[in-house]
Amino acid sequence: MAYSDLREFIRALEKNNELKRIPFEVDPYLEITEFADRSVKRGGPALLFERPKGSGVPLLINAFASMRRMEIALEVGSVQEVADRISEYLQMQMPQGLIGKLKMLPKLAEMGSAFPKIVGEGACKEVIRKDGFSLSEFPIQHCWPADGGRFITLPMVFSKNPETGKRNCGMYRMQVYDERTTGMHWQTHKQGAEHYRRLLAEGKQTRMDVAVAIGSDPAVMYSAILPLPPDLDEMMMAGFLRGKPVEMVKCETCDLEVPANAEIVLEGYVTLGELRREGPFGDHTGYYSLEDDYPVFHVTCATHRKSPIYPSTIVGPPPMEDFYMGKAIERIFLPLMRLQLPEVRDISMPAEGVFHNLILVSIRKSYPLHARKVMHAIWGLGQAMFSKCIVVVDEDVDVQNVREVAWKAFNNIDPERDIQLTLGPVDQLEHASRLPSYGSKMGIDATRKGPGEGFTRPWPDEIVMDEETKRKVDSKWKKMGL
Ligand SMILES: Cc1cc2nc3c(=O)[nH]c(=O)nc-3n(C[C@H](O)[C@H](O)[C@H](O)COP(=O)(O)O)c2cc1C
Ligand SMILES: [Mn+2]
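Numbering follows our numbering, with no gaps: position 159 of the sequence shown is 162.
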């Protein structure tokens, strides 16, 4: 019940034969990437590099890189159990109206006694270093050949909303510039960037406190990537996921709290208005994301366990570790999406669509242009707004089966009529749009059309063999030894 920290998770992976220790020296400069990439593509285990070149700190990678490992991380037999748990809470007292339903989200966490707890001390403070430390002590990967440098790839970045005081935790990569300075790659649409913008607009202070935790129990680490509504505390969601409140400790040098069980904590600040070139970085699109200007994180204090473990990941041509993390999000968030869009039966984000490029949706269609309504709703729904292409099919199509979707969707569309083009915000990693964060989207209505949509021709039936013939052939088939 509820891993106490990263080490306990590592032990669980090991017990399940899902982790391999690498006792010899491997270079965090490119080499670890090649190990991790090959391993994930071949369905191999998580890897614990005990001797990363140039550092005394072991490096863990691919800890979430399969559905089985996601299940171990979330302590379930199937990720669907988490979705079912959420559904149960949602069904307990269905509130009325959209606002009521959104208000239900914090309730969810409350019911699981998920509120984080502030505690006086934590293992993350076994060693406290306000001077004489360097980021170069950690085995921070240089992931791909044309990367702009070394990047911390699995950080939990904590900040506070200056207006509401609410905490946020997001996973935003950090490029190492020197011993105590990194980039802070929170993209425009993310909460860290929103906090930064508000503080800058207020004009009352010159710095924004930021704390970064690296390595914690898996529910806490995973919560950093969840597309939660703004001001919904990821630590509450983590508490709900692990079934036990997350223990937080106050930082030494800034007004923030971090998970007490963290392996490594970097405390510091971002100077408002200070930007620096960040990237390029071999990204989860399978392409290098281009250089751009991002805020700079100054580390004022590093705290860590006596012998910390540094968790990392790589992104690149799919599928990678983040695909499995995203697949679990797809399952866990479906009940929440269905609060507002009950007509949605299932959704799927195939690996090749790298999350934002493609989402397949099956719906129970009830009225003309229903598929368009669903598209527009998805384009207005949290981070689903990034969806570049949405394919909407009828409920009898299994969206987990990409071949079935392609077969039926291409059969069913009259392209001129069924394609919806629109403009909207696009993921900052999108490289094909005419401007950064500004681009078009395409929805394909591949549902069956009816007279209400001006379609009066008969619609053909799908080909299915009758049961009697199948039975007859079953026995003859066996007789033939086929
Ligand atoms: C491995 C990994 C790396 C990520 N890197 C970034 C990043 O550099 N910048 C970013 O804005 N989002 C990144 N994300 C996605 C965010 O973590 C995700 O959108 C999260 O929901 C943001 O949280 P927020 O809504 O609290 O800002 C990454 C996700 C993963 C799984
Ligand atoms: Mn958030």
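Note that CB positions come from ideal geometry on N, CA and C, so glycine has one too.
Item, Value
"In this structure, does DSSP put residue 190 in helix, strand or coil?", "coil"
"Is residue 171 a contact residue of ligand 2, with contact defined as CB to any heavy atom under 7 Å?", "yes"
"Grouping DSSP H, G and I as helix and E and B as strand, with all else coil, what is residue 338?", "helix"
"Taking 8 Å as the threshold (C-beta atoms), are residue 185 and residue 155 in contact?", "yes"
"Which value, in whole angstroms, describes the spacing of the CA atoms of residue 444 and residue 7?", "43 Å"
"For residue 22, report the span of its beta strand (DSSP E) as first-last.", "22 to 29"
"DSSP on residue 441, reduced to helix/strand/coil?", "strand"
"Quick check: does the Cβ of residue 195 come within less than 7 Å of any heavy atom belonging to ligand 1?", "yes"
"So does residue 249 have its beta carbon nearer than 7 Å to some heavy atom of ligand 1?", "no"
"At what residues does the alpha helix (DSSP H) containing residue 240 begin and finish?", "237 to 245"
"Buried or exposed, going by whether 16 or more other CB atoms sit within 10 Å of the CB of residue 42?", "buried"
"How long is the line joining the alpha carbons of residue 40 and residue 274, rounded to whole angstroms?", "36 Å"
"Name, in chain order, the residues that DSSP records as bridge partners for residue 84.", "Paired residue(s): none; residue 84 is not in a bridge."
"Is residue 325 near ligand 1, in the sense that its beta carbon is under 7 Å from a heavy atom of that ligand?", "yes"
"In terms of DSSP beta bridges, what is residue 285 paired with?", "291"
"Would you be able to state if there are at least three C-beta pairs under 8 Å between the stretch 134 to 142 and the stretch 190 to 206?", "no"
"According to DSSP, simplified to helix, strand and coil, what is residue 276?", "strand"
"By DSSP, does residue 452 sit in helix, in strand, or in coil?", "coil"
"Judging by CA-CA distance, which residue of 420, 398, 419 and 69 is the nearest neighbour of residue 411?", "398"
"Would you decide whether residue 441 is buried or exposed? Buried here means 16 or more other CB atoms lie within 10 Å of its CB.", "exposed"
"Under the criterion of a Cβ to heavy atom distance below 7 Å, does residue 231 qualify as lining ligand 2?", "yes"
"Does the beta-carbon distance from residue 160 to residue 215 come in below 8 Å?", "yes"
"Under three-state DSSP, which class holds residue 54?", "strand"
"What number of angstroms, rounded off, separates the C-alpha of residue 225 from the C-alpha of residue 450?", "35 Å"
"If you follow the beta strand (DSSP E) that residue 250 is in, where does it begin and where does it stop?", "250 to 253"
"Please go through the same chain and pick out, in chain order, the residues whose beta-carbon is closer than 6 Å to the beta-carbon of residue 306, but skip the five residues on each side of it.", "127, 128, 131 and 268"
"Please go through the stretch 99 to 164 and give each complete alpha helix (DSSP H) segment of 4 or more residues, from N-terminal end onward.", "100 to 114"
"Leaving out five residues before and five after residue 230 in sequence, what residues of the same chain have Cβ atoms less than 6 Å from its Cβ?", "385 and 386"
"With respect to 7 Å, is the separation between the Cβ of residue 410 and the closest non-hydrogen atom of ligand 3 below this value?", "Absent from the structure shown: ligand 3. Ligands present: ligand 1 and ligand 2."
"Excluding five sequence neighbours on each side, which residues of the same chain lie with their C-beta closer than 8 Å to the C-beta of residue 333?", "350, 351 and 352"
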